[in-house]
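Numbering (the working numbering), first residue to last: -16 to 79.
For reference, the structure discussed in these notes is given below.
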Amino acid sequence: MTIERLLRIIPLRMRSLFRRSDVERELEEELRYHLDQQIAENVRQGMGAEAARRAALRAFGGIELSKEQVRDTRGTRWLEELSRDIGFGFRSLRRA
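So, in structure tokens, the structure goes:
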């Protein structure tokens, strides 16, 4: 990995960690945009509105699955899970 690439990736990953709600909202918007584009394409090809939506969702492969794939490619999932595990550990210790 080159230093230029590293300098570009680090701020994006930090943003994914510390501005999670913004990143999730943007991900939702982008996926919704692509789904809407596919629906519009299906309608242009002569499908009814509901049939176009169902076909787009089927072709898309599931919105939640796509979200999970994007989250996995960010490379921050292990940090998120570590943070949750540490929090759980502290809560467990406090109760005990």
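Glycine included, every Cβ here is placed at the ideal spot set by N, Cα and C.
What residue does the alpha helix (DSSP H) around residue i start on, and which one ends it?
i, result
"Arg2", "No alpha helix (DSSP H) contains Arg2, which DSSP labels as neither H nor E."
"Thr59", "Element bounds for Thr59: n/a, residue is neither H nor E."
"Ala39", "32 to 43"
Could you compute how far the alpha carbon of residue i sits from the alpha carbon of residue j?
i, j, result
"Leu30", "Gln20", "First, the residue type needs correcting, since residue 30 is Met and not Leu in the sequence shown. Taking the straight line joining both Cα atoms gives about 14 Å."
"Leu(-10)", "Arg(-4)", "11 Å"
"Ser4", "Ala34", "32 Å"
"Glu9", "His17", "12 Å"
"Arg26", "Ser49", "Per the sequence presented here, residue 26 reads as Val, with Arg not at that position. Distance between the alpha carbons of Val26 and Ser49: 23 Å."
"Val53", "Arg78", "36 Å"
"Phe43", "Glu7", "18 Å"
"Glu(-13)", "Ile(-7)", "10 Å"
Out of the options, which has the shortest C-alpha to C-alpha gap to residue i?
i, options, result
"Arg57", "Arg(-2), Phe43, Glu11, Ile46", "Arg(-2)"
"Arg2", "Arg(-12), Asp68, Glu63", "Glu63"
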